[in-house]
Amino acid sequence: MIVFITGANRGLGLSLCEIFLERGHHVLAGVRNRNRAERLQPLITKYKEKLSIIPVDVSSEDSILQAYSLIASVTPKLDAIINNAAREGIRCKKIREVDIADFEETWKTNVLGPMAIIKHLKPMMESSPVKSILNISSEAGSISEIPLKNYGYSISKAALNMFTRMLERELKPENFKVLAVHPGWMKTEMGGEDAPYDPGEIARHLYERLTESSGKEHDFNIVDHLGNRMAL
Ligand SMILES: NC(=O)c1ccc[n+]([C@@H]2O[C@H](COP(=O)([O-])OP(=O)(O)OC[C@H]3O[C@@H](n4cnc5c(N)ncnc54)[C@H](OP(=O)(O)O)[C@@H]3O)[C@@H](O)[C@H]2O)c1
Numbered sequence: 340m341i342v343f344i345t346g347a348n349r350g351l352g353l354s355l356c357e358i359f360l361e362r363g364h365h366v367l368a369g370v371r372n373r374n375r376a377e378r379l380q381p382l383i384t385k386y387k388e389k390l391s392i393i394p395v396d397v398s399s400e401d402s403i404l405q406a407y408s409l410i411a412s413v414t415p416k417l418d419a420i421i422n423n424a425a426r427e428g429i430r431c432k433k434i435r436e437v438d439i440a441d442f443e444e445t446w447k448t449n450v451l452g453p454m455a456i457i458k459h460l461k462p463m464m465e466s467s468p469v470k471s472i473l474n475i476s477s478e479a480g481s482i483s484e485i486p487l488k489n490y491g492y493s494i495s496k497a498a499l500n501m502f503t504r505m506l507e508r509e510l511k512p513e514n515f516k517v518l519a520v521h522p523g524w525m526k527t528e529m530g531g532e533d534a535p536y537d538p539g540e541i542a543r544h545l546y547e548r549l550t551e552s553s554g555k556e557h558d559f560n561i562v563d564h565l566g567n568r569m570a571l
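Heads up, the sequence shown is in the numbering used here, so the first residue is 340 and it goes up one at a time.
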């Protein structure tokens, strides 16, 4: 399988790269800044031709188009895409605290990024028998649970869930699998040290979610790392 993973230089993205490489797949690791990719170096050394670094800033459509050209020079087809890159932005629980410019960055990264990636890269997936898209979301995006945590991040993840649901409906006739997953609270730069889960453990579960046959018909499209239905 050939999988493109964004935000691959640290956190969950790095662990996802490792698990796919361990299991013999080819990974296209999307990295915003090569100077921050030192944690990928051991994987580059170990897996050499199975790992390709793809510079991409997901908040920029131009950067995504450049990444598309590079990916197309490496492979004619893609089997799976994991939209993992995201930013939390400035935490604000009160409307008067909201920083609109910061929210714009969060919106571009967490919503427009995944949309532009699928828009431009989906044609490369059409000949694949796998055709899997995993959008890494969050329980923070649940509208029914009303998380009073962070306006920008929660709104962006709610929108990502809606995008996932619409995309799943559109692409179902073409046999695409499209899923949003809440990975759980993880020990990463975003999650902090107090989080209960290790991103390596979560990545193993997400590998299962991406590769399991869609026997369970999801009419909801957001699940936790174990595949349990979550509230939208
Ligand atoms: N950690 C948690 O507890 C938790 C809980 C629920 C959901 N999630 C979700 O899980 C996913 C991974 O989170 P994480 O904890 O691994 O986060 P993280 O440690 O903060 O890592 C975020 C990754 O996204 C990349 N990124 C951010 N903005 C980007 C951009 N514009 N273009 C390209 N890459 C960009 C970062 O690259 P740089 O190094 O260049 O900044 C980094 O690789 C995210 O979608 C997050 O929302 C996390």
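A virtual CB, placed ideally from N, CA and C, is assigned to each residue, including glycine.
The C-beta of Met454 has 16 or more other C-beta atoms within 10 Å across all chains shown, which makes the residue buried. In this structure, Ser495 keeps its C-beta atom at 8 angstroms or more from the C-beta atom of Asn567.
Taking every protein chain shown into account, the CB of Leu487 has fewer than 16 other CB atoms within 10 angstroms, so this residue is exposed. Here Pro394 is near Ala406, since their CB atoms are less than 8 angstroms apart. The beta carbons of Ile410 and Phe502 sit no closer together than 8 angstroms.
A distance criterion of 7 angstroms places the beta-carbon of Val397 in contact range of ligand 1, judged by its closest non-hydrogen atom. Collapsing the DSSP output to three states places Asn567 in coil. In this structure, Leu351 has its beta carbon less than 7 angstroms from a heavy atom of ligand 1.
When beta bridges are read from the DSSP output, Asn372 appears opposite no residue. At a Cβ-Cβ threshold of 8 angstroms, Asn560 and Leu518 count as neighbours. A Cβ-Cβ separation of about 25 angstroms leaves Thr527 out of contact with Gly363 under the 8 angstroms criterion. Across the set His365, Asn372, Arg371, the C-alpha of His365 shows the shortest separation from the C-alpha of Leu382. Counting C-beta pairs closer than 8 angstroms gives three or more between the segment 467-480 and the segment 507-522, which meets the contact rule.
Ala419 is bridged by DSSP to Val342, Ser471.
In the DSSP assignment, Leu451 is bridged to no other residue. Ranked by how close their Cα comes to the Cα of Gly480, the residues Ile358, Met569, Lys389, Val370 have Met569 in first place.
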